[in-house]
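Peer 1: One structure, as structure tokens, below. Some questions next.
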Amino acid sequence: MARRGISRRNFLYLIGGGAIASYAMAFTGALIKFAWSPKLGETASGGAIEIAKVGEIPVGEAKLFKFNGKPSILIHLNDGFYAFGAVCTHLGCVAKWKDLENNEVIYCPCHIGKIDARTGEVLSGPVPSPFPKIVVEEKEGAIFAKAWEDSEYVKSLPMYV
Ligand code: FES
75 MARRGISRRN FLYLIGGGAI ASYAMAFTGA LIKFAWSPKL GETASGGAIE IAKVGEIPVG
135 EAKLFKFNGK PSILIHLNDG FYAFGAVCTH LGCVAKWKDL ENNEVIYCPC HIGKIDARTG
195 EVLSGPVPSP FPKIVVEEKE GAIFAKAWED SEYVKSLPMY V
């Protein structure tokens, strides 16, 4: 009786070749993504990214978002919106917005670090250096994150590289 279809050897070659081709495509994709990834201080699209609609965050409230792949925080104070990288410059915990004092403090729960919500400066705790500020813009009813205010400073922070 004649054998029909593909031989066992050819079938194994086919499976092996398919696996190699899949790995090669995944590797090439990762390489392209790495080569074309945005530089520090730039957004993935090369422009501003929308964080929230203006009415979405009442005064005294905040929203966590990601900026250049890093947890970040947008805060609505009575004189406008402020945004910072939220990765603590102490040991890298993600800081939060907490209803403390007069609502103008970013709070790191790991070692009770407190950060000024307008400037990013350290108010108390073991935090060694300010939180990096993000330039924000209010446009057409939305808040956009544009860039790190000081990208050289961000490059100096190990948890932001
Ligand atoms: S990690 Fe934020 S205070 Fe220690």
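To convert, take the position in the sequence shown, counting from 1, and add 74; that gives the working numbering.
All residues carry an ideal CB built from backbone N, CA and C; glycine is no exception.
Note that the coordinates shown come from a computational prediction; the quantities given were computed from them, not determined experimentally.
Let me check understanding here. Comparing Cα to Cα, which of Lys144, Met233, Tyr234 and Leu151 lies closest to Ala191?
Peer 2: Along the sequence shown, read from residue 1 onward, the residue named residue 191 stands at position 117. Selected option, being the one with the closest Cα: Leu151.
Peer 1: Using the beta-carbon count (16 or more within 10 Å), is Pro206 buried or exposed?
Peer 2: For the purposes of this step, residue 206 is identified with residue 132 of the sequence shown, where counting begins at 1. The residue in question, Pro206, is buried, as its Cβ has 16 or more Cβ neighbours within 10 Å.
Peer 1: Would you please state the rounded distance, in angstroms, between the beta carbons of Ile125 and Lys137? I believe it to be under 8 Å.
Peer 2: Here residue 125 is taken as the residue at index 51 of the sequence shown, counted from 1. Here residue 137 is taken as the residue at index 63 of the sequence shown, counted from 1. Going by Cβ atoms, the distance from Ile125 to Lys137 rounds to 7 Å, so yes, they are a contact pair.
Peer 1: Given this structure, state the Cα-to-Cα distance separating Lys229 from Val235, to the nearest angstrom.
Peer 2: As a working note, residue 229 is residue 155 in the sequence shown. As a working note, residue 235 is residue 161 in the sequence shown. Their backbone Cα atoms lie some 6 Å apart in a straight line.
Peer 1: Hey, Lys144 and Val161 are a contact pair by Cβ (cut 8 Å); roughly how many whole angstroms apart?
Peer 2: Position 70 of the sequence shown, counting from 1, holds the residue named residue 144. Position 87 of the sequence shown, counting from 1, holds the residue named residue 161. Yes, they are in contact, since the Cβ atoms of Lys144 and Val161 sit about 6 Å apart, within 8 Å.
Peer 1: Go through its chain and collect everything with a Cβ distance to Leu197's Cβ below 8 Å, but skip five positions before and after it.
Peer 2: In the sequence shown, counting from the first residue as 1, residue 197 sits at position 123. So the qualifying residues of the chain are Val179, Lys188, Ile189 and Asp190.
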